[in-house]
Amino acid sequence: MTIKRQIQNKMSPAFQELNKRLEKTLHTALKIQASRNIPLVYRDKHCIRKNQFIHQYPDGKTFLIRQDRHTSKEVVIKQL
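In this text, residue positions in the sequence shown follow the working numbering: the first is 186, and each later residue adds one.
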C-alpha cells in the first residue's frame with residue numbers, strides 16, 4: 186500500500202502512528218512555548234487589516250496587535 190493510500194485511509198496503523206507522533210511533538214512544542222510566555226499568534230475576525238494579528242498568552246490574556254511590516258515593531262491595539 187502506498188503512503189498516499191495509507192494517509193487517505195485514516196484508520197490505517199501507519200496513519201494512527203504518525204498522528205500520535207505529531208500530537209506528541211506539537212504538545213511538547215506548545216509546552217515549551219508556554220513556559221517561555223510566547224503567545225500563540227493567529228488571525229481571526231478581529232483582524233481587519235493585513236498587519237493585524239491576535240496574540241494569545243498562556244495565562245489567557247488575548248490582544249489584537251498591529252505589526253509594522255518594515256520594522257516588525259508591534260503595537261497593542263486592544264485587549265480582547
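Beta carbons: idealized from backbone N, C-alpha and C, even for Gly.
All values derive from a computational prediction rather than experimental measurement.
Annotation: the continuous alpha helix (DSSP H) that includes K209 extends over P198 to S220.
Per DSSP, Y242 is not a residue of any beta strand (DSSP E), being assigned neither H nor E. The continuous stretches of beta strand (DSSP E) do not include L265, and DSSP gives it neither H nor E.
One thing to note: R251 has its Cβ within 8 Å of the Cβ of Q237. Per DSSP, reduced to three states, the secondary structure at R251 is strand.
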